[in-house]
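Here's the structure we're looking at; comments come further down.
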Amino acid sequence: MTGSLPTPVLEARGITKRYGRVTAIEGSDLQLYPGEILAVIGDNGAGKSSLIKALSGAVIPDSGEIYLDGERVHFRNPMDARAAGIETVYQTLAVAPGLDIADNLFLGREERKPGVLGKVFRMLDKAHMRTEARRHMNELGVATLQNIGQAVESLSGGQRQAVAVARSAAFGSKVVILDEPTAALGVKEGNRVLQLIRDVRDRGLPVILISHNMPHVFEVADRIHIQRLGRRATVITPTSHSMSEAVAIMTGAAEPPPHAA
Amino acid sequence: MTGSLPTPVLEARGITKRYGRVTAIEGSDLQLYPGEILAVIGDNGAGKSSLIKALSGAVIPDSGEIYLDGERVHFRNPMDARAAGIETVYQTLAVAPGLDIADNLFLGREERKPGVLGKVFRMLDKAHMRTEARRHMNELGVATLQNIGQAVESLSGGQRQAVAVARSAAFGSKVVILDEPTAALGVKEGNRVLQLIRDVRDRGLPVILISHNMPHVFEVADRIHIQRLGRRATVITPTSHSMSEAVAIMTGAAEPPPHAA
Amino acid sequence: AACGGDSGSGGEAVVGLITKTDTNPFFVKMKEGAQQAADKAGLKLQSFAGKQDGDNEAQVQAIENLISAGAKGFLITPSDSKAIVPSIDKAKQQGMLVIALDTPTDPANAVDATFATDNFQAGKLIGQWAKAKFDKESKQAKIAMLDLNANQVSVDVKRDQGFLEGFGIPVGDVNKIGDESDPRIVGHDVTDGAEDGGRTAMENLLQKDPSINLVYTINEPAAAGAYQALKAAGKDKAVTIVSIDGGCPGVDNVKAGVIGATSMQFPLKMASLGIEAISAFAKDGTKPQASSGKDFVDTGATLITDQPQAGIEAKDSAWGKQNCWG
Amino acid sequence: MTVTKEATPPTPDFEVRQHDSLGLRLQHLLHGNPTLGPLAVLIVAILAFSVANTRFFSAPNLSLVLAQVTVIAVLALGQTLIILTAGIDLSVGAIAVFSSILMATFATRMGLPGILALLLGLVAGTAMGALNGFLVTRIKLPPFIVTLGTLSIFFSLNAVVSNSETVRGSDMPGLMTWTGTTIPIGGFRLTYGSIIMLLLFAVFFYALSSTAWGRHVYATGDDLEAARLAGIRTNRVLFSVYTVAGLLYAIGAWILIGRLASASPNVGVDYNLDSITAVVLGGTSLFGGRGGVLGTLIGALIVGVFRNGLQLAGVEVVWQGFAIGLLVLVAVSLDQWIRKVKS
Amino acid sequence: MTVTKEATPPTPDFEVRQHDSLGLRLQHLLHGNPTLGPLAVLIVAILAFSVANTRFFSAPNLSLVLAQVTVIAVLALGQTLIILTAGIDLSVGAIAVFSSILMATFATRMGLPGILALLLGLVAGTAMGALNGFLVTRIKLPPFIVTLGTLSIFFSLNAVVSNSETVRGSDMPGLMTWTGTTIPIGGFRLTYGSIIMLLLFAVFFYALSSTAWGRHVYATGDDLEAARLAGIRTNRVLFSVYTVAGLLYAIGAWILIGRLASASPNVGVDYNLDSITAVVLGGTSLFGGRGGVLGTLIGALIVGVFRNGLQLAGVEVVWQGFAIGLLVLVAVSLDQWIRKVKS
Ligand SMILES: Nc1ncnc2c1ncn2[C@@H]1O[C@H](COP(=O)(O)OP(=O)(O)OP(=O)(O)O)[C@@H](O)[C@H]1O
Ligand SMILES: Nc1ncnc2c1ncn2[C@@H]1O[C@H](COP(=O)(O)OP(=O)(O)OP(=O)(O)O)[C@@H](O)[C@H]1O
Ligand SMILES: [Mg+2]
Ligand SMILES: [Mg+2]
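Protein chains in written order, with our numbering: chain A, 1 to 261; chain B, 1001 to 1261; chain C, 2001 to 2326; chain D, 3001 to 3343; chain E, 4001 to 4343.
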C-alpha cells in the first residue's frame, strides 16, 4: 500500500480541537486511501475518538481542514457526513436505548411499504426491517439474541455493539469508520467483525478502524496511524513494524520513524 | 488451585433471572475460592454480566442462592454487597457523569477533613481526595489525563473505565469483581490493569474477571468459568486447556468436559 | 397624616389602581374609569393586578411599589379582604388615601372609604326576582349553585348567600357557602368564574339531578357556560339562570333569553368616583363620606331583566345595553 | 488467536421454552402494552363510581365525560408529542386560548367568512408553535424556559387583542361553533369535536408507531445526542413537533369555541397542568422517549371520570381536591404495581 | 503479547501550554463558574432599569426587591434540591401555605405559645415533605405525580383547616411576624426574613459543595442507576432531599407570615411556577445533577428585578406579561450565548 499514492478518499489536515483547558487534538493529520483499511491506534486519551468525530461531523474542529476525494468539505453535523457516504460507529455507540434492534439499524433510513401504503401513508415496512435486522445480526454471529423486538437498552454490552456495527457496515457507501467496534465483543463475534471489515474493504470501501486490540489491528490493517498526545506520531504498516514496536511508539518508549507519505 | 478446595469465599447456586420473555441466566452456579483469580468467559449475551450483577446485589435473582464464606446472604441492593466487602466494576461503569474523577473515586466513601471541620461541619477533604485520585490514576498508567477536575463525562472511553477500575481496586476488602475492565483500555493501560488484578490477588483478595480478551484471561486467571446460554458450561484452568479449546467450548463447537469441582 | 407633597419624577402626582386580575372585563372597565378620571384630574395612573383571584401577595407588592413611587393614594379591589389590611395600614402611615373598590376590606374601616356594589344586595335582588317568578308560575324550585372556587372568597360568599336569602332559603352561617340543608338545593360546584368551568359544573350537577330548574351563577361567563350545558341537555327552555355582573355580553345574554336576570354593577363609576376622591384629598385633604346608613359608598346594583316581576324594581336589557358597566 | 473451528450457531434453545402459567401470560401482555396499566386504572375507576352512583354508568353521562375531556385531550395530544421529545410545553393554554380569540376576532370584528377565520386561526396557532420550535432548536433554549416566556407573551397579546371581552358564539359564523354540535349514536351523544379528537388520536397513533417521523420523535427524545450521531436531523424533528403541537392546540381552540359557544379570553387557566397530568397519568415519561398517545387519551379520561364521578358521588367541593389528589396517587401506584408484576 | 519495554509516563507536555489571551481567560472563568451567566444577566437588567428610572437603583427600592423575592427564594432553594435529583415539586406552594395556616391556627385558635406554634408548623412542613419523599422512594412514583397529588391534598386540607379564613398577624404572637421586621443597614432596610433566607442559601451552598451529602445529591440526580450501583443509598438521599425541602418550605411559610403580616389560605397560586422559574433561570438543569443554589438566588432576583423594574419604567399592566416573557427569553439567550463563548 505504500509508495506512490492516489488522492486520499478522506483527508484531515492540521485538525485541532480544544475543550476549555483540555486539548483533545493538536494539529493532527490523517489520510485514508481508496480500498484500504487504516487502523488508528494510540493511548487512552490520545485523541483518536476526537479525530474521527471531526471527520464525521460530530464535532466541529477549532481549526484544520477536511478533504473528501480531494475537495474541501465542511461537515456541520453527522447528517452531512452521512449524506456524503461516511458511516460511523462511535465509541459510545449512538443507539437510541428505548427503540428496538430493527428500529436502530434503520434509524434515519427507514424503509416504507411498497405501493400506496408506503407512498401516501408513509407506512413503515416493519416486517421487512425486522427480517433484515435479524439477518444482519446473524451475520455478526450474535446467536444469543432471543427477541429481535427487545429494546436496545436491555441488550448485553456486546449485543448492543453488534447493532451499531451492523448499521454502519450495511449502509456505508464511501467510507466506514469504526471506533473500537470489537471492545465489548466475544472472541467469535470479534472475529466476525474483522471478517466484516475485510468484506467491506473488498466491496471497495475504505475503512478506518480504531482499536486497542493489537492482534486485531495487525491482522486486518493495511496501514497503521499512530496517534500520540493529540498528534499523529507516524504511520507504519504491519509488515514494517512489529506489534511491540508499534506499542513502543504509541507509548512514547520509542522514537517514531519519520513518517513516509 | 484444583484439587481439594476450601470453602468458597463467594458462591452462587442455581441462579435464574428472567426479563419478560428473555432468560438471562438459567440455573447458573459459580464458586470463587480464596486468593484466586476466577475468569468468567462466554459469548455475548451468555449471561455473564447478569450473573455477577446477581452476586453484587445489582439485580435480585428470580431464584437461586448466594453464599458468602459459606453463609447464605440476601443482597437487596449494591450497598449490601458493598458493605459485605464486595466491590464491583460494572460493564456500564456506573460512574456519575457530571462529577469529576476524585468525586467518582470516593463516591459513597468520601473522606472528611480532620478535626472540627470534618466532625462537626462534615467538610470534605477535597485536596486530599484529589491527590489520592491522581495517584490511583497514575498507577493505572493513565498519563494523558490533563485535568483531574474534569467531569467524567468528558473523559475518553478508556479514561472513564480506568476511573471505575481504580475505584474497585482501591476499596475492595473481600472480593473484587471486574466486568470487562480492559475493554476500552489501551495496551499499556490494559497491562497495568492486569498487574493491578494480580496485586489485588496478592493482597489476598479473590477476583472475578469477566473478559473477552483470551490472552488476558489466560495470562492472569487461576481458573476459567465458561458461561454458555445462561448456564455454567464448565470450569477449566489455563493449563488444562488451550485458548482455542476454551473458545470452542464457549461457542458450543466442542463438548464441555465434565466439570471438576 | 402628612404626605410629603413630593410626588417624584415628572411632576404629575401618582395614583394607583390595584385590581384582582388584569384580564377580567370587569376590571378592565374599572381601569378605563380610573384612567378617564385621572386624565381629567391631571394625575398619573399606575395600575397593578394579580395573576389570579386570591393573589394577595401581588397586591402587597403593588402597594409596596406605590409607596416607593410616592403615590398620593390608590384604589384597590382586595383579593383577600383580611390579609391585605396590614399593607394598607403601612400605606396609610405614609399619608396615602386608600379606597377599596367593589370588595370591602375586613375590617371595612381599614380603608378611608369603600366604593362598592353591595354584593349581598346584588345576590338578594336576583334571589327575590327568581322567587317572584317561581311563585307566579307556581313551580317548585330545584336549584344549582355555581360558585367561584373552593376558597370561599368574600364576593363569592356574599353573592351566594344573598341569592339564597333573597329566594327565602335559610342560609345558616352567612359567612359560609354550602352549609344549607334545604332540599331545594341540588348542589354546589365551582366554575372559576369562566365559561368552561360553568359548563362542566352545570353538566355534572345535571347528572346528579336532571330536575334542576333554577341556576344561580357567580358571574355571567359562568352563566354562559351553564347555558351551553343546559342547551346540550335540551333543558335550556325549562331552566332559569340568574347571574351577577351586568357586563355587556351578559346583558346581550339577558336579551337573548340565556340569562333570566342579572344584577348590574358599575365598575367604571366606582373607579372614576374613587379617583375623584383621591384627587380631592390631594388638593385639600377632604375624605369621602359613606352612603347614608351604610359603611361604604354604595355605587348601586340594578336588576336587569326582560321578564319584570311585580314589586321588584328592574330595568330592561335595552337600558342595560346603554349602561352596561358604566 | 483466530478460532477456526466454529459450529453453526444453534438457535438458543430457550427461545421456545414458554412459561405458560396465567400470571406469566399476563406479565407478557402487560410487558408489551404499557398502556394497559392506565387502562386498568380507568376501568377500576369507572366500576367504582358506577357503584357509588347508578347514574354514573349511563350513556348520557359517559358521553358527557367524553365531551368534557375533549378539549384537554386534544391539547394533551400536542403536549404528548413534545414530552416524548423530552420537552415540556407551558404555553399550551396560552396558544389555545389566543387562537380561539383570534378566530373569533377574525370572524366577527374583522368580518371574515367562517372558513377563512378558522384557517387563519389554525395558521396562527401553528405559527405560535413554530415560534416555540424555533427558539428551542435555533436559539437552543430549554423548552421549559421557551414556553414559559411565550406563555407570558401570548397571554398578554390575548388580553390586548380581546380587550378581555368574550365573543359570543351566536355572533360568529356557524362553522366556528359547529364542533359543539352533537349527533346521537345510540344513547350516546357525541359532539363533532369529540369525533375530531378521536380522529386526531388515531392519526397520531399511526404516525408515531408506523412512520419514520414517529421513530425519529422517539429516538430524539430518548437520547438527543445519540439520535444526532445516528444521523437524525434532530432539529428538524423537534421543530416539526412544536409546530404540529401548535396546530393541534389551534384545533383544540376550535373545539373549545364549539363547546362553550363563545370565545373567552379568561378560560384555560389550568390547561397547562391538566394537559401534562393527562400525559403523565397515561404513562409517558417526562424524560422523553417513552410512552404514547393512547395512554394520554386514557389519562385525560381518568381525570374526567374522577371529576364527574366525585361530583355525582356527592363529595363536597372542599373535599374534592383531596379526593382527586388521593385518586391520582392511588391510580399511579396501581399502574406501578401492574408494571412491577411484569418483572 | 505483553509489552515489556515501557518508558516512565511523561507528563503530557501540553498541560502547561496556556493560551493566555483575554478571551480565553474569560472562557475558562465562565467554564468553571456556570453561575456567572445568570449573574451577568442580572447585572445587565439592573443597569438597564436604572437607566429607565432613576428611582430604581436606590437603596430603598433595592431593599424592596430583596424583600419581595425572599419567600420565593426560600421556596426555590428547596425546589433546587429536588430538581438537582432530577425531580420536581409541584406541592411547594401548597406545603408553604398550609404550613403558614397551621402555624397561625396553632398560635391563635389553639392558643399555643409562639415558639411552639412555630416549631409545630416546621414539623408539619417537614412531615409533608417527608410524605412526598416516602411516595417517591418507597412507592416509586414519579415526583411529578406524587407532588401533583399531594398539591391537591394539601390545598384541600388547607381550605378545610383554615375554613378559608385569613388569620391576621396582629392576632398572632410576635414571633410569628418577627420575620417581617426590618433593620436598617445604611439606606437599606433588610427584613429578618431576608437575612434568614441569605443564611439558608449559605448553608446549602456549603452542604452541596463541601459535604458528602452534597456529592450524593448530585450523583443521584445525574444518573440514579449509576449512583445506586456505585453504592449510594439513593433512596435515603432522595428521602432526605424531599424532607429537607419540606422544612425549607415551612421556614418560607414563617417568612411569608412576617411579610404579609397575616396567614392567608389563598396566597401562593404561582409559587410552583415561580420557584421552578427561579431554579431554571439560575442555570440548574431540569434533568438533574447540574446546577446549584447560588444560581437559584440569582434567578429569583432576576424575576424580582424584572417585575419591579417594569412597573417603575411605567409599562402598562397588560403589556407587562409581554415584557416579562420577552425578558426571560432574552435573559436565557444571553446566558446561552455566554456559555457558548466558553466553547
Ligand atoms: N467533551 C469533552 N470535554 C472535555 N474534554 C474532552 C471532551 N471529549 C474529550 N475530551 C478529552 O480529550 C482527550 C482525547 O479524548 P478522546 O476521546 O479523543 O481519546 P481517545 O484517544 O479516543 O481515548 P480512548 O482510547 O480512551 O477512547 C481526553 O483527554 C479527553 O479527556
Ligand atoms: N434488563 C434487561 N431486560 C431484558 N433483557 C435483558 C436485560 N438485561 C440483560 N438481558 C438479556 O439477558 C441476556 C444476558 O445478558 P448479559 O448482559 O448478562 O450478557 P453478557 O454475558 O454479559 O454479554 P456481553 O458479553 O455482551 O456483555 C442477553 O440476551 C440480554 O439481552
Ligand atoms: Mg476513544
Ligand atoms: Mg456483559
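Where is the CB? At the ideal position from N, CA and C, for every residue including glycine.
Which whole-angstrom value is the C-beta distance of residue i and residue j, which I expect to be below 8 angstroms?
{"i": "L4256(E)", "j": "T4126(E)", "result": "With a Cβ gap of about 16 angstroms, L4256(E) and T4126(E) do not count as contacting."}
{"i": "A2144(C)", "j": "V2186(C)", "result": "5 angstroms"}
{"i": "V4317(E)", "j": "A4278(E)", "result": "That pair is no contact at about 22 angstroms."}
{"i": "G4231(E)", "j": "G1108(B)", "result": "4 angstroms"}
{"i": "G4121(E)", "j": "A4300(E)", "result": "Not a contact, Cβ separation roughly 23 angstroms."}
{"i": "S2081(C)", "j": "D2102(C)", "result": "Contact doesn't hold; Cβ gap of about 11 angstroms is too wide."}
Hey, would you say the C-beta of residue i is under 7 angstroms away from at least one heavy atom of ligand 3?
{"i": "K48(A)", "result": "yes"}
{"i": "Q1161(B)", "result": "no"}
Say yes only if the C-beta of residue i is nearer than 7 angstroms to one or more non-hydrogen atoms of ligand 2, and no if none qualify.
{"i": "G158(A)", "result": "yes"}
{"i": "N213(A)", "result": "no"}
{"i": "G1042(B)", "result": "yes"}
{"i": "Y4271(E)", "result": "no"}
May I ask you to check if the CB of residue i is nearer than 7 angstroms to at least one heavy atom of ligand 4?
{"i": "D984(B)", "result": "No answer is possible for residue 984(B): the residues shown for chain B start at 1001 and end at 1261."}
{"i": "Q1091(B)", "result": "yes"}
Report buried or exposed for residue i, applying the criterion of at least 16 other Cβ atoms within 10 angstroms of its Cβ.
{"i": "P6(A)", "result": "exposed"}
{"i": "G3314(D)", "result": "exposed"}
{"i": "A4331(E)", "result": "buried"}
{"i": "K4005(E)", "result": "Low confidence applies to K4005(E): its pLDDT is 37, below 50, so where it sits in the model is not reliable enough to give any reading."}
{"i": "S3170(D)", "result": "exposed"}
{"i": "T4054(E)", "result": "exposed"}
{"i": "I4043(E)", "result": "exposed"}
Would you tell me roughly how many angstroms separate the C-alpha atoms of residue i and residue j, rounded to the nearest one?
{"i": "T4108(E)", "j": "V4160(E)", "result": "16 angstroms"}
{"i": "L2164(C)", "j": "S2079(C)", "result": "24 angstroms"}
{"i": "L2017(C)", "j": "T2191(C)", "result": "27 angstroms"}
{"i": "L117(A)", "j": "A2226(C)", "result": "46 angstroms"}
{"i": "L3157(D)", "j": "I208(A)", "result": "56 angstroms"}
{"i": "N1113(B)", "j": "D1125(B)", "result": "It should be pointed out that residue 1113(B) corresponds to Lys in this sequence rather than to Asn. In a straight line, the C-alpha of K1113(B) is about 5 angstroms away from that of D1125(B)."}
{"i": "G1157(B)", "j": "L194(A)", "result": "21 angstroms"}
{"i": "P1061(B)", "j": "R1018(B)", "result": "8 angstroms"}
{"i": "T88(A)", "j": "F3134(D)", "result": "29 angstroms"}
Is there at least one non-hydrogen atom of ligand 1 closer than 7 angstroms to the beta-carbon of residue i?
{"i": "G4037(E)", "result": "no"}
{"i": "S4099(E)", "result": "no"}
{"i": "A4261(E)", "result": "no"}
{"i": "V1152(B)", "result": "no"}
{"i": "Q1031(B)", "result": "no"}
{"i": "K45(A)", "result": "Residue 45(A) is actually Gly in this sequence, not Lys. At least one heavy atom of ligand 1 is nearer than 7 angstroms to the Cβ of G45(A), so yes."}
- Per the contact definition of three or more C-beta pairs closer than 8 angstroms, is the segment 2112-2132 of chain C in contact with the segment 2038-2046 of chain C? no
- Query: Is it a yes or a no for the segment 2252-2259 of chain C touching the segment 2272-2292 of chain C, going by three-plus beta-carbon pairs under 8 angstroms?
  - Reply: no
- May I ask you to verify whether the segment 4195-4203 of chain E touches the segment 1047-1067 of chain B, counting CB pairs closer than 8 angstroms and requiring at least 3? no
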